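Worksheet for the structure shown next.
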Amino acid sequence: MNSSSPNFHFPSNKMSDDAGDAWGKPNFLNRHIEARSPVGRNSAFYSMNHKNRGLAIILNHEFFEIKTLKARSGTKVDCEKLSSTLQGFGFNVFSYHNLRLKDITKVIEEAARTDHSENDCFLLAVLSHGEMGILYANDAPYKPENLWAFFTADKCPSLAGKPKIFIIQATSGPPSSTD
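Residues 1 to 179 (full-length UniProt numbering) are what the sequence shown spells out, left to right.
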C-alpha cells in the first residue's frame, strides 16, 4: 500500500484474544500487556512462523522545505523497488513521502501501538538526507534514535523478542551534498 499523506491506520490494531483480566474477560479500560518473548533468551534463531511476516514502513524523502537540502532524484524508484521487494517477502508495506517531522512521529507512534503478536518482525526504512547522527524530515532534522525508541519491549510489547529491522539510506555529507 502506498500513501503520499499520513494514513495512521495499520492492520492488526486490535489486541489479541489473550489480553484480559485474571478470569479471561477483556478489560478494555485498563489494558496492560506484558512483553513476552516468542524465543528463548539464548536462542540462535528468531521464530519466523507467525501468521504474518510483519509491518514495513518506508519513509521516503525526495523534497525538503529546508533550503540547503536539494531534491533527492531517483529516490522514488528506490522506494518503489524496496516496496516491491518487501511485499515479495510477505511484508504489509506502507510508504510515506515527504513527511514533516510531526507526521513521522505520528506514523511511528501508531506503528508502536499496533498489535504485532501475529507478525514475525517489524521493518522501518528511511530514505532521506542525513549526516553523522542526524536524519532529515521534510521540515526538520531528527536523531535516528527517535525512531527505534518507540519499539523497546516496554513501549511495544508485542514486538518483544522479535526482529526490529531499521534500514537507513541517507547522504553522508553536508546538507548540500547529493546522493
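Even for Gly, the Cβ is constructed at its ideal location relative to N, Cα and C.
No experiment lies behind these values; they were computed from the predicted model shown.
Residue i to residue j span [Cα, whole Å]
i      : j      : result
Ile66  : Tyr136 : 9 Å
Ile165 : Leu69  : 27 Å
Thr171 : Gly130 : 5 Å
Thr105 : Ser128 : 16 Å
Ala44  : Asn60  : 33 Å
Tyr142 : Ser47  : 33 Å
Where residue i falls, given that 16 or more other Cβ within 10 Å makes a residue buried
i      : result
Asp154 : exposed
Ser84  : exposed
Val77  : exposed
Ile134 : exposed
Lys162 : buried
Phe63  : exposed
Ser4   : In this predicted model, Ser4 has a pLDDT of only 47, less than 50, meaning its place in the structure is not dependable; the value taken from the coordinates is given anyway. Burial call: exposed.
Beta-bridge partners of residue i, as assigned by DSSP
i      : result
Ser128 : Ala170
Ile58  : Ser95 and Ala125
Ile165 : Leu123
Enclosing alpha helix (DSSP H) for residue i [first to last residue]
i      : result
Arg113 : Leu101 to Arg113
Asn146 : Glu145 to Trp148
Limits of the beta strand (DSSP E) - the one that residue i falls within
i      : result
Leu135 : Ile134 to Tyr136
Any contact of the stretch 85–102 with the stretch 54–62, i.e. 3+ C-beta pairs under 8 Å?
Flag = yes, the stretch 85–102 and the stretch 54–62 touch.
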